[in-house]
Amino acid sequence: MAFTLRQIQYFVAVAEHGSISHAAKALSISQSAVTEAVRFLEEDLGVTLFDRHPRGLNITHKGHQFLRHATAILAEVSGARRALEHEGEALTGRLNLGVTSLMAGYVMSDLLARYRRANPLVDISAIEDKGEYLEHLLVGGELDVAVMVTSNLYDRHALQVEILDVSPYRLWLPIGHRLVAQDSISLDDLTGEQLIMLDIDEMGEAAVKLLSALGTRPRIAFRTRSVEAVRSLAATGAGIALLPDLVYRPWSLEGDRIVSRDVSGALPVVQVGMAWRKGSPLSPAARDFIAIAQEHQSAQQR
C-alpha cells in the first residue's frame, strides 16, 4: 500500500521538530500515530529516514532528500485546493516585492512558486537588497511587500509586520568535533573556537555581538556571504558557526556531515516575516501574496 498525504505531513512535522513527542504535540495527535506513520514510510520507501538517539531523532541523508519532495508534495496539494477555491477569480495587475539575501533562497523561492501558480496573470517584479534599503522602498511606496528578517527593523512605526517564522540560533559543528559528544554545551565551551561568519542579513554581526556580550571573544576564521561556504567550512573543521535553524541542512555540497546543537543560555532568535507600509491600501495582488504566505506558514506548522 502506498503512503498517504497524512503520513507525509507527520514525517515533515518530525523532521521539523526533531522528535516524535514534539511533532505529536504540534499536530495534537498521539505519539503512537506519528511513530507508526514514520515506520510505515521507512518500510514503504525501503530507507532509514531518521537516526534514533536518546535526545530525539536526526534526519538521515536519505530522509533529507525525501523531505524536499515531501514539502513540495504538500505545497502542490495546498496550491491545487486553493486554485479550485478561487477558480474564476483570476487576479491581474502588478506586484512589486523586496527580499533580503538570506530570505531569497530559504523563504521567497517557495512563496513565489506558489503565488505564480495561483496568479499566473499578475506581473511580478522582485528586488534583492539589504533590509534597511528595502524598508526605505516600502515607506516610499516603491514596493508592495518585502520578505525579510523582521526582528531588527529600523522603521517599525511606519511598517506593518506579519511574522512567518521564529528561528532560534544553534551551533554548527563538524561530525568529529569535541563538543558533539557533550550532553550540554554552554557559551563558555566556545571560548577559543574559530568562528565562521555569514555576512548577510546581519547574521554575522548578531553572532559576534552575542559572544562578545557574554564575555567570549570570538576568533574570526572566515567571513562569507555564502551559506554553502559556511556548510563546507564547518563540515571540514575550519571553524564553528552560530546561525538560525532556518538555514541548517545536515550535509554540505561535498557530502560531509554537519551537526547542529543547542547552546544553553539566552541565545537570540531570528524573526522571519513580511513587511508593508502601514496605513497604505494594499492592491488585490499584494493582499493575495500575504494570504498565500500565511497559508504556507500554517501548512508548515501542521
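Take any residue in the sequence shown, note its place counting from 1, add 4, and you have its number in my numbering. The beta-carbon is built from N, C-alpha and C at its ideal position, and this holds for glycine as well.
query: Can you tell me where the alpha helix (DSSP H) holding Asp187 begins and where it ends?; result: No alpha helix (DSSP H) holds Asp187; DSSP gives it neither H nor E.
query: How long is the line joining the alpha carbons of Ala6 and Asp48, rounded to whole angstroms?; result: 7 Å
query: So for Leu45, helix, strand or coil by DSSP?; result: helix
query: Hey, is Ile224's beta-carbon within less than 8 Å of any beta-carbon in chain B?; result: The question asks about chain B, but that chain is absent: this structure has only one protein chain.
query: Below 8 Å on the Cβ atoms is my guess for Gly308 versus Ile167; work out the distance and round it to an integer in Å.; result: Residue 308 cannot be examined here, being either before or after the span of the chain that is shown, 5 to 306.
query: From what residue to what residue does the alpha helix (DSSP H) around Tyr14 run?; result: Leu9 to His21
query: What are the partner residues of Gly277, as DSSP defines its beta bridges?; result: Met152 and Ile167
query: CA-CA distance, Leu9 and Asp249?; result: 25 Å
query: Would you please state the rounded distance, in angstroms, between the beta carbons of Met152 and Val103? I believe it to be under 8 Å.; result: 7 Å
query: Considering just the uninterrupted stretch of the beta strand (DSSP E) at Asp55, what are its terminal residues?; result: Phe54 to His57
query: If we count the other Cβ atoms within 10 Å of its Cβ and call it buried at 16 or more, is His73 buried or exposed?; result: exposed
query: Are there 16 or more other CB atoms within 10 angstroms of the CB of Arg306, so buried, or fewer, so exposed?; result: Residue confidence for Arg306 is low, a pLDDT of 48 falling below 50, so the modelled location carries little weight; the figure read from the coordinates is stated next. With fewer than 16 other Cβ atoms within 10 Å, it is exposed.
query: On the DSSP bridge assignment, give the partners of Gly102 in chain order.; result: Ile131 and Ala150
query: Within the same chain, show all residues whose beta-carbon is closer than 6 Å to that of Leu286, passing over the 5 residues directly before and after it, in chain order.; result: none
query: If we ignore side chains and look at the alpha-carbon of each, how far apart do Met201 and Arg253 end up?; result: 16 Å
query: Could you check if Val18 is buried or exposed, using at least 16 other CB atoms within 10 Å of its CB as the buried criterion?; result: buried
query: Lys134 to Asn156, Cα distance in whole Å?; result: 12 Å
query: List the endpoints of the continuous alpha helix (DSSP H) containing Ala238.; result: Val231 to Ala239
query: Could you tell me if Ser129 is buried or exposed, where buried requires 16 or more neighbouring beta carbons within 10 angstroms of its beta carbon?; result: exposed
query: From what residue to what residue does the beta strand (DSSP E) around Ile262 run?; result: Ile262 to Arg265
query: Determine the contact status of Gly175 and Arg265, defining contact as a CB-CB distance below 8 Å.; result: The residue asked about is misnamed: residue 175 is Leu in this sequence, not Gly. It is a contact, given that the beta carbons lie within the stated cut-off.
query: Do Val126 and Ala295 have their beta-carbon atoms positioned less than 8 Å apart in this structure?; result: no
query: Starting from Thr228, follow its DSSP beta bridges and name the residues at the other end.; result: Leu202
query: Would you give the residue range spanned by the alpha helix (DSSP H) that Leu194 belongs to?; result: Counting along the chain, Leu194 falls outside any alpha helix (DSSP H), and DSSP gives it neither H nor E.
query: Can you tell which of Asn123, Ala150 and Pro124 has its C-alpha closest to the C-alpha of Glu136?; result: Ala150
query: Under a three-way DSSP split, which group does Tyr110 fall into?; result: helix
query: Would you say Ser34 and Ala28 are within 8 Å of each other, going by their C-beta atoms?; result: yes
query: If you check the beta carbons only, do Gly145 and Ser284 fall under 8 Å apart?; result: yes
query: Any idea if Asp55 is buried or exposed, counting beta-carbon neighbours within 10 angstroms, 16 or more meaning buried?; result: exposed
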